[in-house]
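Residue numbers (the working numbering): -17 to 189.
C-beta: ideal position from N, C-alpha, C; glycine also.
Here the structure is a predicted model, which is why all the values come from computation and not from measurement.
What follows is a short report on a single structure.
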Amino acid sequence: MAFPSVDGAGAGANGAIDPAELALISERARVRGHAAGYAEGLRQADAAGLIRLAELEAAHAAAVTESLARLDTVQAVLGAAVSAVQRTTLPLLEQSDATLVSAAIELAEAVIGHRLTDGPGSAGAALQRVLSALAADAGHPDVIVHLHQDDLALLQGAGQIPQGLTVQADATLRRGDASAVLPDGFVDARIESALHRATLSLLEETA
């Protein structure tokens, strides 16, 4: 159907536009306007959706970055805490080990000191200690055992000196101490030396 022209084509005899044709023209214009508006609405909706999606992605990326930063911070704090505990604990453990060794040696010294008040017992223990150290050399004629003079007197009085063993009094020794001189060596059976060796051994084991 042709559209009315400005020169009156399509108009009635009196120059007026046919109402039916005018209605059709209006409907077509409305449809075209609706379609254009709908398309524009879709375009704007798509643009808004893309903008919202970009905003959500940016927010998610920021949240992930913040979470990673917090995780790094937590790990750093935990690492520092562990290091601090190790720096504090290890010296305390080492000090504790040394304290235990010292206490054990002090206890041993106290026990030994108490045993030394038992004259015959401590004298006999001193002799047995040096004889155990000598082992097979105890019967060697050139071996000379040294004891404190009071311990020697007690052992001689009790008849506890082995036959053939040469024993001499030594003023440099304390009660309960003993030593022996061999042709090619020396046996130190003093209590102080034994405690010193025990201390070194314990400290090496706890190191």
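Closest by C-alpha distance to residue i, when choosing among the options
{"i": "A160", "options": "A30, L137 and R14", "result": "L137"}
{"i": "H122", "options": "G146, A176 and R179", "result": "G146"}
{"i": "A176", "options": "V112, V149 and D152", "result": "V112"}
{"i": "I173", "options": "E186, S183 and R157", "result": "R157"}
{"i": "D132", "options": "L155, A117, D0 and E186", "result": "L155"}
{"i": "H128", "options": "A117, G139, P144 and L109", "result": "L109"}
Contact set for residue i: own chain, Cβ-Cβ below 6 Å, skip 5 residues either direction
{"i": "P165", "result": "D124"}
{"i": "A115", "result": "V169 and A171"}
{"i": "V163", "result": "I126"}
{"i": "A153", "result": "none"}
{"i": "A151", "result": "Q131 and L134"}
Local Cβ density within 10 Å of residue i, reported as buried at 16 or more and exposed below that
{"i": "G141", "result": "exposed"}
{"i": "L74", "result": "At L74, the pLDDT of 43 sits below 50, so the modelled position is not reliable; the number obtained from the coordinates is stated separately. Flag for L74 reads exposed."}
{"i": "G167", "result": "exposed"}
{"i": "A107", "result": "buried"}
{"i": "L35", "result": "exposed"}
{"i": "A29", "result": "exposed"}
{"i": "A92", "result": "Its pLDDT being 49, under 50, A92 is placed unreliably in this model, and the value from its coordinates should be taken loosely. The residue in question, A92, is exposed, as its Cβ has fewer than 16 Cβ neighbours within 10 Å."}
{"i": "S183", "result": "exposed"}
{"i": "L134", "result": "buried"}
{"i": "H178", "result": "exposed"}
{"i": "A105", "result": "buried"}
{"i": "D0", "result": "exposed"}
Close-in-space but distant-in-sequence residues of the same chain around residue i (CB under 7 Å, 5 per side omitted)
{"i": "V149", "result": "V127, L129, L134 and I143"}
Residues of its chain near residue i, where Cβ-Cβ distance is below 8 Å and the 5 sequence neighbours each way are ignored
{"i": "R10", "result": "none"}
request  = Kindly provide the ranges of any beta strand (DSSP E) runs that are 3 or more residues long and lie completely inside the stretch 95 to 170, ordered along the chain.
outcome  = Counting whole runs of 3 or more residues, the stretch 95 to 170 contains the beta strand (DSSP E) stretches 126 to 129, 148 to 151, 160 to 164 and 167 to 170.
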